Amino acid sequence: MKAVRIHEYGGPEVLRYEEAPRPVPGEGDVLVRVHAAGINPVDWKLRAGWLKEKLPYDLPLILGWDLSGVVEEVGPGVTEFSVGEEVYSRPDIQRDGAYAEFVAVRASELARKPKSIGHVEAAGVPLAAITAWQALFESAGLAAGQTVLVHAAAGGVGSFAVQFAKWRGARVVATASAANHALVRDLGADEVIDYRTTRFEEAVREVDMVFDTIGGETQERSWGVLREGGMLVSVISPPSEETARAHGVRQDYIFIGPNAAWLTEIAGLIDAGHVRPLIGEVFPLSEVRKAHELSQTGHARGKIVLKVVE
Ligand SMILES: NC(=O)c1ccc[n+]([C@@H]2O[C@H](COP(=O)([O-])OP(=O)(O)OC[C@H]3O[C@@H](n4cnc5c(N)ncnc54)[C@H](OP(=O)(O)O)[C@@H]3O)[C@@H](O)[C@H]2O)c1
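Going by my numbering, the first residue of the sequence shown is number 2, and it counts up by one from there.
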């Protein structure tokens, strides 16, 4: 099959579009014909070797842990899916990924794809949506009537966070550059702050939750906008426990994994019209290097997706 593999860590040039063995589904696995694969920042961070201590791999490796496709074959012991069904997934990041014509995914990590959208849109959902869901609802327990500050609301994770928070009945304050304000308001944000011209901590106060998708200085400046007892959740780096105590607030850091149950629930929200994936650029699989270069700028709008089946 055609796949994109890395044989060494490095820049976008190490991404090789080439022939690779078609995976054979093992016990509990489903072989999926990939129609589209989503790009996430973790893909290029991993490609660059930043995560090799945390996640050791035997190279070559097929990258890409966001997919939408059709069940091609089921492995031994799989009863919950059948050939021809449309599925989507954020599979186990420690196995070969979805920049390929086929991927073997554990049945427990697969969900039925939302019916109302195509494969390209569906491939932009799993990883970013699971991340936003876990941060808002599992970690912070965001409730109706509360206020959340979502950083990088025009990005993959932020665009889902805004929509989920709104659906839950929360008030959403978001940061984005001016060019993305109309878009972020359209997703449901009540207030949008241009982080390039305004210090967000001077424009918003007393929020119940800050969702930190940026880290560094943005995380540091976020403590002061929380109400007492509020919560800072980061997907970038663990916030300091000591600083949280000093501010009388709580903190959490999350690194997400597969979650088929949430994907089923999220598919329901998409089909009911409450949430939609924000798709930015779409590239053919063979142009994966361009997709990584764009993701690496840190300024992609919504999700970048690789189209595998034309
Ligand atoms: N721990 C986990 O499990 C986990 C899971 C998913 C993602 N992540 C991490 O979370 C981060 C975000 O992921 P993503 O997929 O949402 O990335 P992304 O789609 O590449 O985010 C791009 C967005 O960031 C915005 N942005 C850049 N700098 C900003 C700033 N200083 N303030 C506000 N917005 C800013 C850009 O908006 P403008 O163009 O308007 O500037 C752009 O829309 C990545 O570092 C990723 O690795 C971690």
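Using N, Cα and C, we set each Cβ at its ideal position, and we do this for glycine too. Please read all numbers here as calculations on a predicted model, not as lab measurements.
With a cutoff of 6 Å, TYR10 does not count as near ligand 1, since its C-beta is closer than that to no heavy atom of the ligand. Excluding residues up to 5 positions away in sequence, TYR18 lie with their Cβ nearer than 6 Å to the Cβ of SER287 in the same chain. Of the candidates ILE255, GLY230, ILE237 and ILE257, GLY230 places its Cα closest to the Cα of ALA245.
Within a 10 Å sphere around the beta-carbon of HIS8 sit fewer than 16 other beta-carbons, which makes this residue exposed. Of the residues SER69, GLY65 and ALA180, the one whose Cα lies closest to the Cα of VAL310 is SER69. According to DSSP, residue pairing for PRO285 in a beta bridge involves LYS308.
Straight-line spacing of the CA atoms in GLY157 and HIS182 works out to 15 Å.
By the Cβ rule, the segment 117-134 does not count as touching the segment 290-300, because fewer than three pairs are nearer than 8 Å. Cβ-Cβ distances below 6 Å link ALA301 to GLY281 and LEU295 in the same chain, with the five nearest sequence neighbours on each side left out; the list follows chain order.
In this structure, DSSP gives ASP213 an extended state, which the three-state scheme calls strand. Relative to ligand 1, the beta carbon of THR198 is positioned no closer than 6 Å to any heavy atom. Nearest in C-alpha terms to ASP195, of all of ASP187, ARG186 and ALA179, is ALA179.
Beyond the five residues adjoining it in sequence on each side, VAL226 comes within less than 8 Å, by CB distance, of LEU150, PHE201, GLU202, VAL205, ARG206, GLU207, VAL208 and VAL211 in the same chain, given in chain order. Straight across, the Cα-Cα distance linking ILE271 with ALA190 is about 18 Å.
Assignment of GLN297 by DSSP, reduced to helix, strand and coil, places it in the helix class.
With respect to THR214, HIS152 sits close: the two C-beta atoms are nearer than 7 Å.
Across the structure, ILE305 and ILE118 are spaced so that their CA atoms are roughly 16 Å apart.
Our two residues, PRO240 and THR132, have alpha carbons roughly 17 Å apart in a direct line. Beta-carbon to beta-carbon, VAL25 and GLU102 are separated by about 14 Å, too far to satisfy the 8 Å threshold. Partner residues in the beta bridge of LYS3, as assigned by DSSP, are GLU20.
Ligand 1 approaches ILE257 closely enough that one of its heavy atoms is under 6 Å from the residue's Cβ. A Cβ-Cβ distance of about 5 Å is found for the pair VAL174 and GLU192, placing them in contact under the 8 Å criterion. Within the same chain, ALA112, ARG113, LYS114 and PRO115 come within 7 Å of ALA268 by CB-CB distance, once the 5 residues on both sides are set aside. LEU307 and ASN41 have their C-alpha atoms roughly 11 Å apart. In summary, GLN95 is exposed, with fewer than 16 beta-carbon neighbours lying within 10 Å of its beta-carbon over all protein chains present.
The C-beta separation of GLY216 from ILE237 comes to about 3 Å, placing the pair in contact by the 8 Å criterion.
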